[in-house]
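Inspection log for the structure reproduced underneath, given as structure tokens.
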Amino acid sequence: MNNNYIFTITTGRSGQMTLYDILLKYSYNCHTEFESPTLYKNIFSGKLGILEKKFRRKFIDTNELLGRGKTLSAYENNDIQFINKIVTKKLISINRKLKKTNSDIYFDVSKHFVRSLYLGFDNLLENYSVVLLIRDPVLNMRSFLNRKKFFFLDNSSPHLKSNILVMDTSGWSDGEYYLWSWVETILRFKKISNFEKVKKSLIIKTEDLENSDTIAKILNKLEVPHKEIHDIKKLNTNISQGHGMTKINYDDYNVMKKFVSRLPSEKINELGSLAEMLFVHENKI
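Per the working numbering, the very first residue in the sequence shown carries number 123; after that it's consecutive.
Below, the structure is given as structure tokens:
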């Protein structure tokens, strides 16, 4: 029996942990991973644990296997051979885990697939499905800003020609980079959805994750067997890690307006119905 590979396409900060938790609790015959390879289980603690994590990220569970570092640079430089090499290693690991767990379905919950790895998976797999996991863009931006992460750790620069939405970032605020990523992610989703090897292409909005019936229908369309879904627990890693609730303000609204004014009209049109999410009304704040 052929394996069923499913990949999320997302900016991040859009409910991946909630989706991952749902799949762990309710799906079966499905091996699910969250931003693999992860570094959750350290052998050591304290300062030794920090050194262990750095060592593993550099030499074992590398940034390249995750989709960062040289893999992101390879995407920017159209080095398909390097991306194929990384994805080959990932597929060996994935298929080994499928065999070990006696599963036919692999569900990847990660923001890194769309950053670069999709090119390798499309080259090496016979077919696969994709799911766009999308959140309100202003909330998504604010969640990232609360996180205070380095944007370029997981993202290419918006001015590079490897992007679909190429933009000059002169005068940009920090939030505009994340709004750019939101638009670029949707445009890449639309591009990938048209690839010949893509069997199914679906959209999950973050708020859909709280609706058991909606999630059940989506899993059915993806041919992921599952138990009856109920009592979905919304997980927020920002809160659990001390970054606070995601609350937008008028400054965020103004950042959004400024960014939208910079967007080429043809790119807004390419977003289709999702473009409506870019036009926030003040009464929503």
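Glycine included, every Cβ here is placed at the ideal spot set by N, Cα and C.
Item, Value
"Cβ distance (whole Å) where Y197 is taken to contact L241 below 8 Å", "7 Å"
"Span separating the alpha-carbon of D276 from that of K233", "9 Å"
"Rounded distance between the beta-carbons of I337 and I351, thought under 8 Å", "6 Å"
"Pick from R135, M139, S278, S295 that is closest to K379, judged by C-alpha positions", "S295"
"Per-residue DSSP class, three states only, for G364", "Here the model assigns G364 a pLDDT of 48, short of 50, so the residue's position is not dependable and the matter cannot be decided."
"Inter-residue spacing [alpha-carbon to alpha-carbon] between F235 and F311", "11 Å"
"Residue from T140, W302, K271 with nearest C-alpha to I286", "W302"
"Q203 burial status per 10 Å Cβ neighbour count (16 or more: buried)", "exposed"
"Residue interval of the alpha helix (DSSP H) (run including F401)", "F401 -> no alpha helix (DSSP H), and no H or E assigned at all."
"Cβ-heavy atom distance, K169 to the ligand ATP, below 6 Å", "Looking for the ligand ATP in the displayed structure turns up nothing, as the structure carries no ligands at all."
"Residue nearest to Q138 in terms of C-alpha spacing, selected from L400, L396, N316, D330", "D330"
"N262 classed as buried or exposed, judged by whether at least 16 other C-beta atoms fall within 10 angstroms", "buried"
"Inside the segment 311-351 only - alpha helix (DSSP H) runs reaching at least 4 residues", "334-343"
"Where the beta strand (DSSP E) containing S251 begins and where it ends", "250-256"
"Short Cβ contact (7 Å threshold) for G297 with L267", "yes"
"CB of T130 within 7 Å of CB of V209, strictly", "no"
"Secondary structure of D290, DSSP reduced to three states", "coil"
"Inter-residue CB distance, S238 and S323 (contact presumed, cutoff 8 Å)", "Their Cβ separation, rounded to whole angstroms, is 19 Å, which puts S238 and S323 out of contact at 8 Å."
"7 Å Cβ cutoff met for F243 and T154", "no"
"Cβ separation of T140 and L357, assumed to be a contact under 8 Å, to the nearest whole Å", "5 Å"
"Where the alpha helix (DSSP H) containing Y142 begins and where it ends", "138-148"
"Alpha carbon of L213 to alpha carbon of E318, nearest angstrom", "20 Å"
"Contacts around F273, its chain only, beta-carbon distance under 6 Å, and the 5 residues preceding and following it disregarded", "Y299"
"Boundaries of the beta strand (DSSP E) in which I227 is found, first to last residue", "227-231"
"Nearest neighbour of F381, chosen from L400, N391, Y372, K369 [CA to CA]", "L400"
"Residues near G364 by beta carbon distance below 7 Å, same chain, minus five either side", "At G364, the pLDDT of 48 sits below 50, so the modelled position is not reliable; the number obtained from the coordinates is stated separately. Taken in chain order, the list of residues that qualify is empty."
"Under the three-state DSSP convention, the category F85 falls into", "Nothing can be reported for residue 85: it is not among the residues displayed for the chain, which extend from 123 to 407."
"Backbone secondary structure at I370 - three-state DSSP", "coil"
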